[in-house]
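J.:
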Amino acid sequence: MRVWLKFARATELSYISHLDAQRAFTRLLRRASLPLAYSRGFNPHPLLSLGAPLPLGFGSEADYLDVTLAVAMPLEDIANALRSSTGSEVLKLVGLRAVPERTPALAALVKWAEYTIELSVSKDTLESAVWEFSAKTAVPFVKETKRGSRTVDAKGLVRRLTRTDLGLNCVLSMAEPAVLRPEELLHILAPGQETWKTDAIVRRELYTEQLVAPLVLRLDGKG
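Numbered per my numbering, the sequence shown spans residues 144 to 366.
#1: Do the region 351 to 364 and the region 259 to 272 make contact, defined as three or more Cβ pairs closer than 8 Å?
#2: Quick check on the DSSP output: the alpha helix (DSSP H) that includes V273 runs from which residue to which?
#3: DSSP three-state call for T229: helix, strand or coil?
#4: Within the same chain, show all residues whose beta-carbon is closer than 7 Å to that of D296, passing over the 5 residues directly before and after it, in chain order.
#5: Are the CB atoms of L148 and T229 nearer to each other than 8 Å?
#6: S277 and L304: beta carbons closer than 8 Å?
#7: Please report the straight-line C-alpha distance between Y350 and K254, rounded to a whole angstrom.
#8: Could you pull out every residue in the same chain whose Cβ sits closer than 8 Å to the Cβ of M317, ignoring the five residues on either side in sequence?
#9: Taking DSSP as the reference, what is the three-state secondary structure of F168?
#10: So, under 8 Å CB-CB, D209 and S192 are touching, yes? Tell me the CB distance rounded to an integer number of Å.
#11: CA-CA distance, D206 and G299?
#12: Excluding sequence positions up to five away, which residues of its chain have a Cβ less than 7 Å from the Cβ of A175?
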């Protein structure tokens, strides 16, 4: 049985690595006594993976876990077991759904991520920056990666960008042609200026190419 789980994590876990986060989720599932399925071979490990890594220092309301159970269970029983095992608000189960065994890996379906960015910047400054970005047809940006640097069009990496009372809301690329991080977006919006003071960055949701969240995605091939 495959299940997608959606968690929110508290700020106490905002500075743990992707690997440590996966270990924390594994411990939670074991503490809940869920019948995890394991890989075969000399070093079996639980069949689970995170939908997308979370950068260090970010809060999250959308940590997705793709889990395979050895025995099918009612979703209500899974939810109750997890909620009784967390014991605190550090990791909070937000929702879950069963998915067909042959569904593509959750990580392969995620193409976009939504963030809120709290900034100590005037509303007029943000309004102007958002307007200027939106008015451009192309925004060349030098993307630095482990394999070197390359120029990409940041305009195609931003699906949505709006000003909020506390800063910005944005939907940024999580897949090819390039991943765009919130910090990179801020550098693009304020080129050559002193870096805007960031108070908090929270990932609100993950989306497929059609901007559909995993828990409401149709998996019958009809969109």
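Every residue gets a Cβ at the ideal spot worked out from N, C-alpha and C, and that includes glycine.
Please read these numbers as outputs of a predicted model, since none were measured by experiment.
T.: This is what the structure gives:
#1: no
#2: By one-based count along the sequence shown, residue 273 stands at place 130. Start and end: K266 to A278.
#3: For the purposes of this step, residue 229 is taken as the residue at position 86 of the sequence shown. T229: helix per DSSP, three-state reduction.
#4: Here the question's residue 296 lines up with position 153 in the sequence shown. Contacts found: A281, V282 and P283.
#5: Along the sequence shown, read from residue 1 onward, the residue named residue 148 stands at position 5. Along the sequence shown, read from residue 1 onward, the residue named residue 229 stands at position 86. Cβ distance not < 8 Å, so L148 and T229 don't count as in contact.
#6: Indexing the sequence shown from 1 puts residue 277 at position 134. Indexing the sequence shown from 1 puts residue 304 at position 161. Yes, Cβ-Cβ distance for S277 and L304 is below 8 Å.
#7: Locating residue 350 in the sequence shown gives position 207, where the first residue counts as 1. Locating residue 254 in the sequence shown gives position 111, where the first residue counts as 1. Approximately 6 Å, taken between the alpha carbons.
#8: Position 174 of the sequence shown, counted from the start, is the residue given in the question as residue 317. A195, V253, K254, W255, A256 and L349.
#9: Translated into the one-based positions of the sequence shown, residue 168 becomes position 25. Correct three-state label for F168: helix.
#10: By one-based count along the sequence shown, residue 209 stands at place 66. By one-based count along the sequence shown, residue 192 stands at place 49. The Cβ separation is near 5 Å, so the contact holds.
#11: The sequence position of residue 206 within the sequence shown is 63, counting from 1. The sequence position of residue 299 within the sequence shown is 156, counting from 1. So the two alpha carbons sit approximately 25 Å from each other.
#12: Locating residue 175 in the sequence shown gives position 32, where the first residue counts as 1. Result list for A175: A224, L225 and S228, in chain order.
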